[in-house]
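Everything below concerns the one structure shown next.
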Amino acid sequence: GGMSCLDSLSALRGSQVPVERLVIFDRDPLQLRFGELVLALVRLLPTRDAFVEALFGRSMLSWGRQLGASTMLDFLDLPVDPAVEPRVAALLPERLQDVYAAAFACAARREGWPPVWPSFGQK
Numbered sequence: 088g089g090m091s092c093l094d095s096l097s098a099l100r101g102s103q104v105p106v107e108r109l110v111i112f113d114r115d116p117l118q119l120r121f122g123e124l125v126l127a128l129v130r131l132l133p134t135r136d137a138f139v140e141a142l143f144g145r146s147m148l149s150w151g152r153q154l155g156a157s158t159m160l161d162f163l164d165l166p167v168d169p170a171v172e173p174r175v176a177a178l179l180p181e182r183l184q185d186v187y188a189a190a191f192a193c194a195a196r197r198e199g200w201p202p203v204w205p206s207f208g209q210k
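Just add 87 to wherever you are in the sequence shown, counting from 1, and you've got my numbering.
Shown next as structure tokens:
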């Protein structure tokens, strides 16, 4: 699907292969908009912590630990910083703000649809 391109970008960067054009594809138009959102966030946000904070509403730097599979649920138990969502939304083009609001609700507050990773440990 279209989101596999994001994994490829990381591998290409690690190999120092320049990317001039990226085509994302999926049969689901909402998935394409989500992919566009992720790419916009990658362009706008200077660090991994800023990117994680934009989606999950919590800062790894403030927490003092690195985020990973073994620490994700502890990270999600932290309170959401209410200033994150409006600050990040203001950086995005208007056409992506509704997708960002839905993604933030799912990832940061674990509400709404569709549920997103991590789904482990939840009933």
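Yeah, the Cβ is synthetic: ideal placement off N, Cα and C, and Gly gets one too. Every value quoted in this text rests on a predicted model; they were computed, and no experiment measured them.
The C-beta of A141 has 16 or more other C-beta atoms within 10 Å across all chains shown, which makes the residue buried.
Closest option to L183, judged by alpha-carbon separation, among R108, G101, F112 and E123: E123. By the Cβ test, the region 173-182 is in contact with the region 126-145, since at least three Cβ pairs between them sit closer than 8 Å. Nearest neighbour of S146 by Cα position, chosen from I111, V129, A170 and L96, turns out to be A170. By a beta-carbon distance limit of 8 Å, R130 does not contact L163. Their separation comes to about 26 Å. According to the DSSP assignment, E181 belongs to the alpha helix (DSSP H) that extends over E181 to A194.
Within 10 angstroms of the beta-carbon of A195 lie 16 or more other beta-carbons, which makes it buried.
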